[in-house]
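The structure appears below as structure tokens.
Right, dumping it as structure tokens:
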């Protein structure tokens, strides 16, 4: 029997109230499941507005232990009810440490574990190093009920090494929850197109589908660099193993994107391309001793 998987990306705006954001996400998850989606991706840190636009200590109080985070508990109940997988992005507190994390909730509601964002940005409008430690889990691949999946969180999506690591670990689909939009220091800078292109490149180089979920709207939190709220550009999409966008939203659309893939075909096609067969690990070893640039 052919193995197929149906995946979904959610795109919507979020506000300051966590309960309202969870309810909105639940509505979209139900819509995606009704359309046949089996693995459903909300965007990054959907618990609230994206608070990393500035450095304010009050936001540390919005982090929770990953197993009991309100978003995890809500999505766990939903995964059990609908029999779907929900990779759930959260602000995590573990002892004195804080992480930008993702909990993989399997169909049926089992918590498969946590991934902590590896690459942490620090720049105007995205001051994440104040809030998050670099992840200590390494890249992970989960054997969910429907497919083996890898997840990178936002800034991770720019790194081809992250995508390749997850593919080498056996991922069959890559997911990227995101919160990205305006650049407060430069109103003319729009990264929407290269944001898509770099992930389309991951799809091609690893012969693997890619699912990216971003948020939309202008939020109330004010960036000191611009004196305005951060605006998010959407453009959530699903790409196939060729990097072709098979489903895509624009800047302002709200809803769900759904696409299906034949995993058996992709596994054979990946082997046929020979990208993993022809890797030169003997030459790459020099990278591990290279000085940071």
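In UniProt numbering, the protein residues as written are 1 to 293. C-beta atoms are modelled at their ideal positions from N, C-alpha and C, and glycine is treated no differently.
Can you give the Cα-Cα distance for residue 232 and residue 192, rounded to whole angstroms? 10 angstroms
Terminal residues of the continuous beta strand (DSSP E) containing residue 97? 97-105
Mind checking which residues open and close the beta strand (DSSP E) that includes residue 81? Per DSSP, residue 81 belongs to no beta strand (DSSP E); it is in the alpha helix (DSSP H), 70-82.
Excluding the 5 residues preceding and the 5 following residue 263 in the sequence, name in chain order all residues of the same chain whose CB lies nearer than 7 angstroms to its CB. 3, 4, 5, 147 and 172
Smallest Cα separation from residue 220: which of 12, 53, 134 and 25? 53
Rounded C-alpha distance that separates residue 94 from residue 272: 43 angstroms
Per DSSP, what kind of secondary structure is residue 129 in: helix, strand or coil? helix
Nearest-angstrom Cα separation, counted from residue 200 out to residue 244: 7 angstroms
Spatial distance of residue 314 from residue 12 (CA atoms): Outside the displayed span of the chain (1 to 293) sits residue 314, for which this structure offers no information.
What is the C-beta distance between residue 72 and residue 107, in whole angstroms, given that I count them as a contact (C-beta under 8 angstroms)? Actually they are not in contact, since the Cβ atoms of residue 72 and residue 107 sit about 15 angstroms apart, beyond 8 angstroms.
Where does residue 24 land, buried or exposed, given buried means 16+ other C-beta within 10 angstroms? buried
Helix, strand or coil, according to DSSP, for residue 60 in the structure here? helix
Environment of residue 156 [buried if 16+ CB atoms lie within 10 Å]: buried
Can you tell me whether residue 55 is buried or exposed? The criterion is at least 16 other CB atoms within 10 Å of its CB, across all chains shown. exposed
Do residue 29 and residue 105 count as a contact pair if the criterion is CB distance below 8 angstroms? no
Determine the direct distance from the alpha carbon of residue 280 to that of residue 81, and round the result to whole angstroms. 46 angstroms
Using a 10 Å radius around the Cβ and a threshold of 16 neighbouring Cβ atoms, would you call residue 176 buried or exposed? buried
Residue range of the beta strand (DSSP E) that includes residue 251: Premise fails: residue 251 is in no beta strand (DSSP E) and is neither H nor E.
On the three-state DSSP scale, how would you describe residue 191? coil
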